[in-house]
Every structure is written in C-alpha cells, then in structure tokens.
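Notes follow once the structure below has been shown.
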Amino acid sequence: MNLKLSPAAIAGLLAVALLPLVVRVFFGASEKYYLHLLIQILLWSFIYTGWALMGRFGLTSLGHGAFTGIGAYVTVMLWNYAGITPWIGIPIAVLAATIVGVLIGYPCFSLRITGHYFGLLTLALTELVRLCIVGLREYTGGSLGTQPKRYGDGVSLYALQFEPDRVLSYYIVFALWLFGLYVWWRVDRSMDRYALDAASQDEDAASSVGINVTKEKLKITALSSGMCALGGAIFAQYQMYIGPDTIAGLGTSLNMVFAVVSGGVWVMLGPTVGAVFTQILSEGLRVAIQSSATLKSMLGSAALALDGAIYGLLLILFIIYMPKGILGTILEKRARRRAR
Amino acid sequence: MDCQLDIFFLEALLNGLLLAGLLALLALGLNLVFGVIDVVWICYAELVMVGMYGIHFSYKAGMPFLLAAAIGIALVALAGALLHILVIRPVLDSEPINQLLVTGGVLIFLQAVATMAFGIEFRNIGISMGSVSVADMSFSRSRIISFVVALVSMLGLWLFLRRTYIGTAIRAIAQDRQIMPLMGVDSRKVYVVTSAIGGGLAGLAATLMVLNYDIYPQIGLQFGPLVFMICVLGGLGNMIGGFLAAFVISQFIAVGSSCFHTEWGYAVAFLFFMIAIFVRPQGLFGGKS
Chain P
32 MNLKLSPAAI AGLLAVALLP LVVRVFFGAS EKYYLHLLIQ ILLWSFIYTG WALMGRFGLT
92 SLGHGAFTGI GAYVTVMLWN YAGITPWIGI PIAVLAATIV GVLIGYPCFS LRITGHYFGL
152 LTLALTELVR LCIVGLREYT GGSLGTQPKR YGDGVSLYAL QFEPDRVLSY YIVFALWLFG
212 LYVWWRVDRS MDRYALDAAS QDEDAASSVG INVTKEKLKI TALSSGMCAL GGAIFAQYQM
272 YIGPDTIAGL GTSLNMVFAV VSGGVWVMLG PTVGAVFTQI LSEGLRVAIQ SSATLKSMLG
332 SAALALDGAI YGLLLILFII YMPKGILGTI LEKRARRRAR
Chain L
836 MDCQLDIFFL EALLNGLLLA GLLALLALGL NLVFGVIDVV WICYAELVMV GMYGIHFSYK
896 AGMPFLLAAA IGIALVALAG ALLHILVIRP VLDSEPINQL LVTGGVLIFL QAVATMAFGI
956 EFRNIGISMG SVSVADMSFS RSRIISFVVA LVSMLGLWLF LRRTYIGTAI RAIAQDRQIM
1016 PLMGVDSRKV YVVTSAIGGG LAGLAATLMV LNYDIYPQIG LQFGPLVFMI CVLGGLGNMI
1076 GGFLAAFVIS QFIAVGSSCF HTEWGYAVAF LFFMIAIFVR PQGLFGGKS
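Chains as they are written, first to last, in this note's numbering: chain P, 32 to 371; chain L, 836 to 1124.
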C-alpha cells in the first residue's frame, strides 16, 4: 500500500506542524499555556483514535480507561521502583495492556458477547483495574495518584522526560498523532476492515462466508488496547502525574466515548475533531468562568462542575440528534450535495 | 491478613448477608427496566443519588422521615418516567449501545448538577439507630431494617406483576415486544409505567441507602458498577437471578474486605464476575437461551 496524500491533506499536516510557530508569533505572552492545550488535544486525539478503531465496528468498549491506566501505571511503576527506563517500560506496558485486551476479548468474542453485555463487561474491567490501582496504594499512591521520579533537570532522553520543553513535547505528541492516523488509514484499507464491517452487520452471515470473526475482532482489540496503553504512557511522561481519576477508571472511559461520538466514530479525523471539541469546550468554559465576575459569584465553586453538566447534556443530544458526530455529519452533507 | 474461621469471620458473613438485601433491592429496579424495555440505565445509581439528596433535604427541612422517604421515592419515580420519555424514547429504535451511551450522558449530567447544587462534601442524615449485639457480634440496626424492607418490597413487586392487570401487561411486553402491541397493549404506556416503577424502586433503595451511607455526588460510581455486575451475573432482566447474585457478590465483598483491604474485596468480586460470565454467559442463574 502506498500512501498518497492529497494536496489538501499535505496543507493540513503542514499547518498542524507549524502551529507552535503560530503560537509563538501571535500568543507569545502565554506560549506555554497554548502549547499545553494543543498537546492535550493531540495526545487525547491519539487515544480517542485508538478507541474508535474498535468503536467503529460496533465494539463499544467501556473498558479502555483500563488500558490507558495500565499503560500509564506500568510505565511509571517500572521507572520509580525498578529504575527501568520508559524506553523499555512502555513496550512492556503496551504488551501488558494488549494481553489484558486479548484475555478479555477472546472469551467475549468466541461467546458472542455483544451490545449491553459487552459494554457492562468492559465496564467491570475498568473497575477492576481502578480497584487494583487504589488497592496497591503503597506503590501507586492510591486515589491521590503519584508522580514519575524526575531525572536530572526534567528533560532527558534516557528517562523519556520532556515536559519542561513544550515545543519538543508538541512534536512528540504530533508524531504520535500521525502514527494514530496512519494506523487508522492502514486498517481502513485492509481486508480486515471489510471483514469486521461485515461481522458488525451480521455475525452469522460473516462467518458463513469464511470470516474468522473471533480472530478479526481480537486483532482489532489488540491494536486498540495497545494504542490506548501507549497514549496513557505518554500522558504520564508529559503530565508527570498520574491518578486513577485522570488516566484510569470509568470517567476516562466515558470521556473517550463522548469525545469520539461527538466528533464522529466512522471517519478518520472524527476522534481528533472530538478531542478539539471537548478540550475547547472545557477550557473555554473554565476561562469564561474565571474571567467573568458575575458567573463566578453566581456559581462559586460549583462552576467547576459546569463543564460536566454541559458535557452530559451534549452527549445526550449528540446521540439522539447527531449519532454520526460533528465531522461525520458535515462530510455526509457534503457528499450528498456533491451527488446532487 | 488474618483470615480465620472465628467469630469475626461469621460476623463478616452475616454482614454480607445484610448487605445483599440492599444490593438485591438496587438490582431489582434495573432488572425490571431491562427485562421490559431492553435498555440498560447506566445512570441508575445516579437516580438513587437524586433520591438520597431528596430524602436528605426533605428530612433536614423538618419533615418526618417516612414522609421524606415518600417524597424521595416519588421524586425518583418521576425522574424515571422523565428519563424514559425525554431520553430513551427517541433512541428506542436505534442500536442498543446508543441507549446505553445516552444514559451515560445522563450519568455525567446528574453527577455534575449534584456537584453544582450541593457541593462535594459528604452529608450524613444523622439518624443513628444503634446496633444489635448477638453473641459478641454486632449488627447495625439500620442494615437489618434495610434487609427486611428489601425482602418485603421484592415480594411486593412479585405480587404486583402477578396479580394486577398492568403487571400482567408488563410481563407480557417483556416476553414479546413485537406481538403485544398487536394484542391491544399500549406499549408506550407500559414503558412509562415500568420506568416509573423502576425509578420508584431506586427511590426505595435510596431511602435505605441514606440510613447506611453518607451522600456525595460521586456516590453512584461507588456502587453503580456493582449493581450492573449483579444484574448481569443473575442474567439481565432475570429478577430472581439478580436477587441470588446479590448474595453471591456481597459475600465476596464482605469476606474479602474482612480478610484483606476493602478494595480487594471488591476487586475479587469483579474478577469473579468476569470469570463467571465467561463460564456461563447467560448469567449464573439464567436459563438456557
């Protein structure tokens, strides 16, 4: 398969690559803050893309908070307590998450557990991993979370720490994001995609034409869980803090689902649009509340939960009125206009 | 780590039994809704939280507890009916997972609204009923009351479903969603009534919860996953199965917590759940499908 980019795609990629420059020229005063925002968007885009690889085939998992959690915690625990560099720790973490994904996936798929049951079973996995993190509080810091030990001045190739250098961090997550899109593209053009599409429509029909449904689903699960674990590990390296509420647990799982549904689960850039949308929504609300004295006095500390309320409401509206998501709906409208 | 067969172990077992009553009641409403409407209310535990706040503030406003409880139950019953009409009905014909996700939105919404309205502090209703001591073992009186109320309400629901006209209609819809409308049963109405009853059961559970636990906006996340697990383990929609599963799970939690740390009790219960589902996908007590 050779990768041919359309002129529009090349322009788009260049624009994203040059964003730090734009930030420096126009928002030089608070460069760090804007770069942080962009890093968050790209990093979560990668994780959301990983989730959507499964989600697009009807495998709606509520368990991916477990995979990001495993990715983050295994990497940090190995570094903090065994001194193993993340260069080795991250592959181990990704492998661990993939194994967990396959272990939970295999019985699910061979027993044809789908729909509600699959959702609830993966939800149990999320809870199990969160409980283990909290239970091992001597090492993990319990529900308060923990930090990777800083190495030297905070920027180190050996320890894979790059947080103080925001421009470097940006290009690291940019590369990660490109990798995510590349994986999506490969999957989109593979035979497995057609097999999985068929299986998500009708499993019996799919297996009757010779598709090994269990194997196909397992392959995509392994890929998806591994990607989420990688995203979780890089999150830990950038954020330099991990807690069960920020990178593991049901909240993380639900946020993933919400962001992808809002962006669009069936299109390549849907998860990215979802990440942009959710990050801007929560940041925009935060800034709006911080800067407005009336809102602040009206809501007080309650303002902290305002984004949750709007999130929840939007998720409901999106699923009822726009199940294809923002980007999915736009692309569909455009395609229809062209056809006319 | 001392896990011996002594009086403390017996106490843990019996406390597990009492916990099971509460969990079984929690699972009951969810199972009813699933069995009849075929949707999973991921936000079920948040409905319970709404009820708990309702009861808490009614009681603090000076009402007698039973009146406050009645208000709480009515509030959640109304919330259940509204949930169905506003949120579930528009997605009733789309993919099943959408129905689950849409109530996920309700979960996030209710939690955030509760945080905004009531803050994040833990609230206790401040009714202490003391405890009963039997042979060196002590049991909280409110737990015992919860257990009895849970058993009685389950019996009540069973009688309602067997002996009343609307109860019969509900069971009929649960058996065949396509045919019953042709027989002249108004499925829309049955769905709303079922949702209200499911909500009412959540409200009843909330009444018992406020006596035993502190209230805070995230309380749903504490026991919500547990309730889903019990329902799935018993076979979603199978009320008797859910009832029995509550006893199995609560023993894991009670014994696990007494031998190790609380989280490990829960963790073992979740692990057991996952293994059990793989061994018997139709639920521990489900029939052959």
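Beta carbons: idealized from backbone N, C-alpha and C, even for Gly.
Per DSSP, P:Val186 lies in no alpha helix (DSSP H) segment and is marked neither H nor E. Annotation: Cβ neighbours of P:Pro138 in chain L (cutoff 7 Å, chain order): Phe1113. P:Leu316 has a beta carbon lying at 8 Å or more from every beta carbon in chain L. Partner residues in the beta bridge of P:Gln192, as assigned by DSSP, are P:Ser187. Take the alpha-carbon of L:Leu1036 and the one of L:Gly907: they are about 11 Å apart.
Here L:Ser1093 carries a helix assignment [DSSP, helix/strand/coil]. With a threshold of 8 Å between beta carbons, L:Met1018 makes no contact with chain P. If the five residues before and after P:Arg161 are omitted, its C-beta is found closer than 6 Å to the C-beta atoms of Pro275, Ala279 and Gly280, all from its own chain and listed in chain order.
With a beta-carbon spacing of about 12 Å, P:Leu156 and L:Phe1113 fall beyond the 8 Å limit used to define contacts. Straight-line spacing of the CA atoms in P:Tyr202 and P:Leu66 works out to 11 Å. Around the CB of P:Phe289, 16 or more other CB atoms lie within 10 Å, so the residue is classed as buried.
Taking 8 Å as the threshold, the shortest C-beta distance from P:Ala267 to chain L does not fall below it. Per DSSP, P:Val53 lies in no beta strand (DSSP E); the unbroken alpha helix (DSSP H) holding it starts and ends at Leu50 to Phe57. In chain order, Met964, Leu1046 and Asn1047 place their CB closer than 6 Å to the CB of L:Ser977, counting only its own chain and leaving out the 5 sequence neighbours on each side. Look at P:Val133: its C-beta is not under 8 Å from any C-beta on chain L. When L:Phe1082, L:Trp1099, L:Val1067 and L:Ala1081 are compared, the shortest CA-CA separation from L:Pro1116 is found for L:Val1067.
L:Leu910 is not a Cβ neighbour of L:Leu992, given a cutoff of 8 Å. With 16 or more other Cβ atoms inside 10 Å of its own Cβ, L:Asn866 counts as buried. In the DSSP annotation of this structure, P:Ser37 is not part of any alpha helix (DSSP H), being labelled neither H nor E.
Less than 8 Å divides the Cβ of P:Tyr272 from the Cβ of P:Gln178. Per the coordinates, the alpha-carbon of P:Ala127 lies some 46 Å from the alpha-carbon of L:Gly961. Excluding sequence positions up to five before and after L:Phe944, its CB lies less than 6 Å from no other CB in the same chain.
For P:Ser293, the secondary structure class from DSSP, reduced to helix, strand or coil, is helix. P:Ser256 sits in a helix when the DSSP states are folded into three classes. For the options P:Trp216, P:Arg365, P:Ile265 and P:Val307, the alpha carbon positioned closest to that of P:Leu191 is the one of P:Ile265.
Counting only residues of its own chain and dropping the five nearest sequence neighbours on each side, P:Leu207 has a CB closer than 8 Å to the CB of Leu73, Leu74, Phe77, Leu261, Gly262 and Ile265. If you check the CB distance, L:Ile1084 and L:Ala1102 do not come in under 8 Å. With respect to the C-alpha of L:Gln946, the residue from L:Pro925, L:Val885, L:Ala970 and L:Val926 having the closest C-alpha is L:Val885. In the three-state DSSP reduction, L:Phe974 falls in the strand class (E or B).
The DSSP-derived three-state label of P:Ser141 is helix. For L:Arg1115, the secondary structure class from DSSP, reduced to helix, strand or coil, is coil. For the region 120-166 of chain P, the continuous alpha helix (DSSP H) assignments of 4+ residues that do not extend past its boundaries occur at 146-166, in sequence order.
The beta carbon of L:Leu936 sits closer than 8 Å to some beta carbon of chain P. Taking 3 residues as the minimum length, the beta strand (DSSP E) runs contained wholly in the region 908-994 of chain L are 966-969 and 972-975, in order along the chain.
Residue pairing by DSSP places P:Thr177 opposite P:Ile273 in a beta bridge. For L:Asn933, the chain P residues whose C-beta falls within less than 7 Å of its own C-beta are Ile350 and Pro354, listed in chain order.
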